[in-house]
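Scroll down for the structure; my scribbles are underneath it.
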Amino acid sequence: MDHIMDTLATPALGAAALSQAHQQLSEENRLLREQMRDFLKQANDNQRIMSRHQNFNLELIGSSSFRELIETIFSTLASSSDLDVLSLTLIDHQNNLRSILHDLSFDLKEFPQLMFVANEADLGLPAQTSNKPSLGLYSAALHAKFFAPCQKKPLSVALVPLFRQKRLIGCLNLGSFHATRFSASMATDFIEQMGFIIATCLENVINHERLTYIGLTDPLTNVSNRRNVERRMLEEIARARRQQYSIACMYLDIDFFKQVNDQYGHQSGDDVLKEVASRIKAELRLSDTLGRFGGEEFVVLLVNTDLQAAAQVAERIRLSIASTPFFLSMSGVCNSTISIGIAALSASDNQGDADAIAAELLWKSDRALYDAKEQGRNRVCLAK
């Protein structure tokens, strides 16, 4: 612009030169205005992005349950960050978290992008990833397991390790259909901060769910308590009604349990109760519910199961208890058996008041258990 002003200041300047200078000045002004519009647009875009991320962070922090947090991650984060694919992998030692979530009626099938692995090695983060996000082009060899639930694979990815107290708890997996979206040369400060917030919120809601679970769990056998079984029964009746399938209820009672306490002591009786619960649980699916109803009595709810299928499961349980001695922590071993009564609720009979249906299902299985006791114990009887 200085050379244009010099030209304008020259007295002998002709009309053609003045016109050319005016055109150059107008062009530079136009370019400056365009740059200013671009700067303003970028500033507004950045403001909107920051606002979306602030709202996302507030939603994360405000999540009071695992379900609410996961829904926020998979819906709000995807939209606020313009992500094409998104998944989350959590480390779950010995299925502890999944077992708790199941007992709290969290249906994992609703969230296919949520995956679990047993340990850090199974997580399989790329070798160059330590506690920093890993960005770059998608590689099937490196990234396939992180995006396994996604039908269309991304072109560029960001793997964000989630740490709490220097302990790896999982990985947030971000993907884009644009190859330049996540570049290895990009700064990762923003993504790291997001990962820290998500990891913190995950730890908080998981601890909250664990506390809830403790309130619904029998402390001796570590299976559901009676209150939780009754709650789950109402939920399963409602779900079976919606999806039109049968459910079955088992009532189980350890035979001559008083004799175990009298002969071996109450500590040995506790050993038998814990081992019986463990053997029952080993024959069940994750979707089934096992609870201690009181004393030496247990109740099992089997989803999508008719009477005959339930009888097969019950017979496996009976055999697992009768065929193997129980090792006692205080005094040797003992043998024990169990009696089981079964009732089923078909889809066609699942009508009317759920509380009344639950009470009748329990009563029928209890009556079948009484028949098993009357017929000599250590047997399975079906409701008539």
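UniProt numbering numbers the first residue of the sequence shown as 1 and each following residue consecutively. By construction, the Cβ of each residue, glycine as well, lies at the ideal position given by its N, Cα and C atoms. Just so you know, these numbers come straight off a predicted model, no measurement behind them.
Within the segment 170 to 226, the runs of alpha helix (DSSP H) that reach at least 4 residues and sit entirely inside it are, in chain order, 189 to 215.
The continuous stretches of alpha helix (DSSP H) do not include residue 382, which lies in the beta strand (DSSP E) extending over residues 380 to 382.
Taking a C-beta distance under 9 Å as the contact criterion, residue 304 and residue 357 do not qualify as a contact pair.
Residue pairing by DSSP places residue 88 opposite 114, 172 in a beta bridge. Ranked by Cα distance from residue 237, the options 202, 370, 353, 339 are led by 353.
In this structure, DSSP gives residue 257 a helical state, which the three-state scheme calls helix. No Cβ-Cβ contact shorter than 9 Å links residue 221 with residue 311. Between the alpha carbons of residue 135 and residue 215 lies a distance of about 42 Å. Residue 302 and residue 83 have their alpha carbons spaced roughly 39 Å apart.
Between the segment 164 to 179 and the segment 147 to 156, the count of Cβ pairs shorter than 8 Å is three or higher; the stretches touch.
In the three-state scheme derived from DSSP, where H, G and I count as helix and E and B as strand, residue 64 is classed as coil.
Under the three-state reduction of DSSP, residue 328 is assigned to coil, being neither helix nor strand. Residue range 307 to 322 is occupied by the alpha helix (DSSP H) that includes residue 317, with no beta strand (DSSP E) assigned at that position. In the DSSP assignment, residue 297 falls outside any alpha helix (DSSP H) and lies within the beta strand (DSSP E) extending over 297 to 303. For residue 101, there is no enclosing beta strand (DSSP E); the enclosing alpha helix (DSSP H) covers residues 96 to 103.
Its chain contains 145 as the residues whose beta carbon lies nearer than 7 Å to that of residue 124, once the 5 sequence neighbours on both sides are disregarded; these appear in chain order. Residue 119 and residue 96 have their C-alpha atoms spaced approximately 12 Å apart. Residue environment analysis places residue 179 among the exposed positions, since fewer than 16 neighbouring C-beta atoms fall within 10 angstroms of its C-beta.
Under a 10 Å Cβ-count criterion, residue 89 is classified as buried, with 16 or more other Cβ atoms of the shown protein chains found around its own Cβ. In this chain, the alpha helix (DSSP H) harbouring residue 367 covers 354 to 374.
Beta-carbon to beta-carbon, residue 98 and residue 218 are separated by about 19 Å, too far to satisfy the 8 Å threshold.
Boundaries of the beta strand (DSSP E) harbouring residue 164: 156 to 164, taken from the DSSP string. Residue 372 and residue 140 have their C-alpha atoms spaced approximately 56 Å apart.
Boundaries of the beta strand (DSSP E) harbouring residue 339: 338 to 345, taken from the DSSP string. In the DSSP assignment, residue 250 forms a beta bridge with 300, 342. Beta-bridge annotation (DSSP): residue 292 is paired with 298.
Here residue 226 really is in contact with residue 294; their C-beta atoms are around 6 Å apart, less than 8 Å. Distance from the CA of residue 334 to the CA of residue 286, rounded to the nearest whole angstrom, comes to 29 Å. Fewer than three pairs of CB atoms, one per stretch, sit closer than 8 Å, so the segment 177 to 197 makes no contact with the segment 102 to 117. Judged by DSSP in its simplified three-state form, residue 124 adopts coil rather than helix or strand. Taking a 10 Å sphere around the C-beta of residue 121, we find fewer than 16 other C-beta atoms and assign the residue as exposed.
Under the criterion of beta carbons closer than 8 Å, residue 254 and residue 336 qualify as touching, at roughly 6 Å. Between residue 379 and residue 318, the C-beta gap is smaller than 9 Å, which places the two residues in contact. In the DSSP assignment, residue 136 falls outside any alpha helix (DSSP H) and lies within the beta strand (DSSP E) extending over 134 to 137. Note that the segment 57 to 69 touches the segment 199 to 213; at least 3 beta-carbon pairs, one per stretch, sit closer than 8 Å.
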